[in-house]
Every structure is written in C-alpha cells, then in structure tokens.
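Worksheet: the structure to be examined is printed underneath.
Protein chains: 2
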Amino acid sequence: MQKDTLCLGLLSLGPRSGYEIKQMFEGPLSDFYSLSFGTIYPTLNKLQDEKYVSCKQLSQSKKPDKKVYTITKKGKDLMKDNLLGDASAYIRSGNFGDQIKSEFFLLLLFAKYLPQETLDTVLNERVLFLRQKLEQFKYDGPVPSDLQALRNEKSVAFIRGLATTLIESGLNYMEKNRGKLN
Amino acid sequence: MQKDTLCLGLLSLGPRSGYEIKQMFEGPLSDFYSLSFGTIYPTLNKLQDEKYVSCKQLSQSKKPDKKVYTITKKGKDLMKDNLLGDASAYIRSGNFGDQIKSEFFLLLLFAKYLPQETLDTVLNERVLFLRQKLEQFKYDGPVPSDLQALRNEKSVAFIRGLATTLIESGLNYMEKNRGKLN
DNA sequence: GGGTATCTATATCAGGTTGATATATATAAT
DNA sequence: ATTATATATATCAACCTGATATAGATACCC
Chain A
1 MQKDTLCLGL
11 LSLGPRSGYE
21 IKQMFEGPLS
31 DFYSLSFGTI
41 YPTLNKLQDE
51 KYVSCKQLSQ
61 SKKPDKKVYT
71 ITKKGKDLMK
81 DNLLGDASAY
91 IRSGNFGDQI
101 KSEFFLLLLF
111 AKYLPQETLD
121 TVLNERVLFL
131 RQKLEQFKYD
141 GPVPSDLQAL
151 RNEKSVAFIR
161 GLATTLIESG
171 LNYMEKNRGK
181 LN
Chain B
183 MQKDTLCLGL
193 LSLGPRSGYE
203 IKQMFEGPLS
213 DFYSLSFGTI
223 YPTLNKLQDE
233 KYVSCKQLSQ
243 SKKPDKKVYT
253 ITKKGKDLMK
263 DNLLGDASAY
273 IRSGNFGDQI
283 KSEFFLLLLF
293 AKYLPQETLD
303 TVLNERVLFL
313 RQKLEQFKYD
323 GPVPSDLQAL
333 RNEKSVAFIR
343 GLATTLIESG
353 LNYMEKNRGK
363 LN
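Protein chains in written order, with our numbering: chain A, 1 to 182; chain B, 183 to 364.
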C-alpha cells in the first residue's frame, strides 16, 4: 500500500496532524506498519497540494502550533479507489506474507554464539515486552480520541482479538520451551 | 543487526553463494528477516576485500558458474564480536518488538471500504497461505543441504516450534472470528 | 533565576535498502 | 526456433529511514 493511501486512510478516521499520525504508528499500529516523519510530512504536503486533504493551522495553549489535516471528498474517493487497487494487487501478487525484520529472531538463530547470560536477558526482556503488549491490546478503559477512533472500527476488534491470541500463545510457548535453547 | 554480521552468520552454517543466501531469505528465513541482492552482493564483496570471507569460483554443469564464499577465522571472530554487541544494543535499546510491514493488516484495518467479496478473497488467500506455511514449518523430511544446515541448529528447533504454534493459533482465531468483519 | 530535561511539533537530508532491470548460461517446453 | 524458466551476478534510480535541526512550552531542581 502506498504511503498516500495509508495517510488518507488514517485521516478518514478523523482530522489529525502529522505528529499525531506518527504517534499512531508508534502506538497501536506499530505491530502492523510504520512510517517515519521523513515520509509522513512530505506526503501530507503533497496530498494538500493536490487537494486530497485540507489543512488548518491550530494554535494551542501549552503546546506549539500544529497543522491539522482533514480528508476532502476528493481524498476519500482517491482513498477508496486506491484501496480497491491495493487489494486486487495483493490478491494478484500471490504473496500473502508480511515483511518482517526481527532482531529478536536473528539473535535466537545465532544463540549458540552468545553467552548463556546474554541470551537469557534477551529472552527475559522479550517476554516482559510481550506481556506489556498483551496488556495494551486487552485494555478496554478510556483512551485519547485518536485511539478511540481506531477502536471504534469493527475491523480493529477483530485485529485486537487476533493479536491477543497470538501473543498469548507465543508467551505460552516460550515459557514452556525456552529450556530447549540451552 | 548489520548486514555484514547477518551474512557472516549465515556463512558460518556452511559455504554459500550470494544467490543461495538470497534463497534462504526467500525460504525459511522470510518470516523473520530479508535482504535483497542489491545488499547481499556488495556486502559479500566488501567482506572478501577485508578477508572476512574467502571466495572460490565454481564451474557447474547444467548451471552458470557461481562464487562460493567461506567464512574465515577472522570472519568468525568479527561475527562473534558483532553478535555480542548487537545483543547488548538490543537489550539497551529498550525496544524488543519487530519491525513489520503488513499489507494484510492494513487491508483489514480499512475493510469497511472494501466490497465484501474482495475482503473475502483477501482472507481466503491469507488462510491458504498460512496453511502452506504451517506445512513447511512442520515438514520433517529430507531437504537440500542449505536448509539442513539451518535445521540442525538447536535454536531453529525452538523457532520452528514457535512459528508452528503462532500460525496454528492465528488460523484457529481467523476461522472462528472472521464473521465479526461483516 | 538559570540550567537542563522533556514533550510537542515541523522539517530536511545523508546514507542505506529495495525493487527493477540488465546480462548471461543452460534446460525445457511449444 | 522461440519462448519460458531457473540459476547466477551485478548495478542503480527511487524511496525510506534514522538522525539531526529548529523551536515553543512546561517542569523540575539547585
């Protein structure tokens, strides 16, 4: 999916600044996708130039100004078109896997070159990290409106359930089988 | 982990050509990490220049020549040093998650903009793909020596078990809950 | 008050990676 | 003979990331 479509998609959930879009990528979306500032800001400028989004400069008390982008009718149309094209391309591509770079799995793979103690720490930290992730996905209390917009999506309920299941079974496996690494 | 260390790590399992390293990234390693030819070939050349690997040009019947790289003592030392540094950096970084770009999850996220039929196809293809992956991870019969070298690693047994568990629980969840997307 | 740290916010850019493309040998199929 | 496919190496434009710069504002501490 191209960055344009992705930014439009996130803006379709409600008006946001570039900084807030980045925050979504660092928060709940981090497990599925991410974009850097160096991609987000130029993309928003381009989308604005081409009238797919409108922009309001907003003064804030206690914080610097921010530029809040709102998706336009033209933007929504482009987003839907692109999404349809992306889905078709995905199906035609024949490649249904995800693109992953996992430092953790590489370290595991070369575990025999690491001191036992280092490997233990790596595993312990990963387990703690996953437990935290699990709590986040399970948490159902109040959240900022950014996240609430995501949470209201029917699809997000499905995704959160899937993530919870995956993390739980992963943790379970690791706790039962980590002895096999020694 | 830098590409140098990764290539050295894979060569530590046995001598290989750049093409064969790429095949590993497209095969069993694809779920954890990948590098492109544009990264692999220059890295091997650099490693050879600096004597971390040696290279033998090999004539093959029925196939073009290939350059087979073998890790040197100097290379193994560098690899172990770097691995140790990477593990420490991983621990110190405080970021224990993986870097993921998932077209599938993005399409799910914006499911409401897709026709039911398209979404169904996306899900069906993903399920078929995961079933295939599962078979691959479970398969225990004879494989080419490249893969056998990987399989003999104690850590790979752990990783294969983990992957199997994750895919199985993911498939299970998707089959039971996909109705929630409608 | 001054120093420092942190958070919000936007922007830019060098450096590195990808995905595409080029080239070449050899087999197999049509 | 032509096309397609697999092996094999190499290069490069286009793109993205991670780092860095800049700046307003709050907060803490001595």
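Glycine included, C-beta positions come from ideal geometry on N, C-alpha and C.
- Annotated as distal: F32 (chain A) and I349 (chain B), with beta-carbon spacing of 8 Å or more.
- Residue state for K255 (chain B) is assigned as helix, using DSSP reduced to three classes.
- Neighbours of R198 (chain B) across chain A, judged by C-beta separation under 7 Å, do not exist; the nearest C-beta is about 15 Å away.
- Separation of G161 (chain A) and F137 (chain A) (C-alpha to C-alpha, rounded to the nearest whole angstrom) is 8 Å.
- Distance from the CA of P224 (chain B) to the CA of S236 (chain B), rounded to the nearest whole angstrom, comes to 14 Å.
- Per the C-alpha coordinates, the member of A:S102, A:Y19 and A:D98 positioned closest to P64 (chain A) is A:Y19.
- Taking 8 Å as the cut-off, the beta carbon of L353 (chain B) is found closer than this to the beta carbon of V309 (chain B).
- G85 (chain A) sits exposed, since fewer than 16 C-beta atoms from the chains shown fall within 10 Å of its C-beta.
- The C-beta distance from P15 (chain A) to L150 (chain A) rounds to 14 Å, too long to meet the 8 Å contact threshold.
- Sequence-distant partners of L119 (chain A) (beyond 5 residues in either direction) whose C-beta falls short of 7 Å from its own C-beta, in its chain, are A111 and L181.
- Three or more Cβ pairs closer than 8 Å define a contact, and the region 74 to 85 of chain A meets that threshold against the region 5 to 12 of chain A.
- Under the 8 Å criterion on CB atoms, V143 (chain A) is classed as non-interfacial with respect to chain B.
- In this structure, the beta-carbon distance from L107 (chain A) to A269 (chain B) falls below 8 Å.
- With 16 or more other Cβ atoms from the protein chains shown falling within 10 Å of its own Cβ, F96 (chain A) counts as buried.
- In the structure shown, V143 (chain A) falls within a coil segment according to DSSP collapsed to helix, strand and coil.
- Using a CB distance below 9 Å, the part of the region 282 to 303 of chain B facing chain A consists of I282, K283, S284, E285, F286, F287, L288, L289, L290, L291, F292, A293, K294, Y295, L296, P297, T300, L301 and T303, ordered along the chain.
- In this structure, I159 (chain A) lies away from L312 (chain B), with their beta-carbon atoms at least 8 Å apart.
- For L240 (chain B), the enclosing beta strand (DSSP E) stretches over residues V235 to L240.
- Closest in alpha carbon position to K73 (chain A), among A:Y52, A:N124, A:Y113 and A:L58, is A:Y52.
- Separation of L240 (chain B) and K249 (chain B) (C-alpha to C-alpha, rounded to the nearest whole angstrom) is 6 Å.
- Residue range Q281 to K283 is occupied by the beta strand (DSSP E) that includes Q281 (chain B).
- Looking from the CA of Y251 (chain B), the closest CA among B:Q230, B:S216, B:N334 and B:E299 belongs to B:Q230.
- Proximity of E357 (chain B) to chain A, defined by a Cβ-Cβ separation below 8 Å, is not satisfied.
- In this structure, D140 (chain A) and M24 (chain A) do not form a Cβ contact; the two beta carbons are roughly 19 Å apart against a cut-off of 8 Å.
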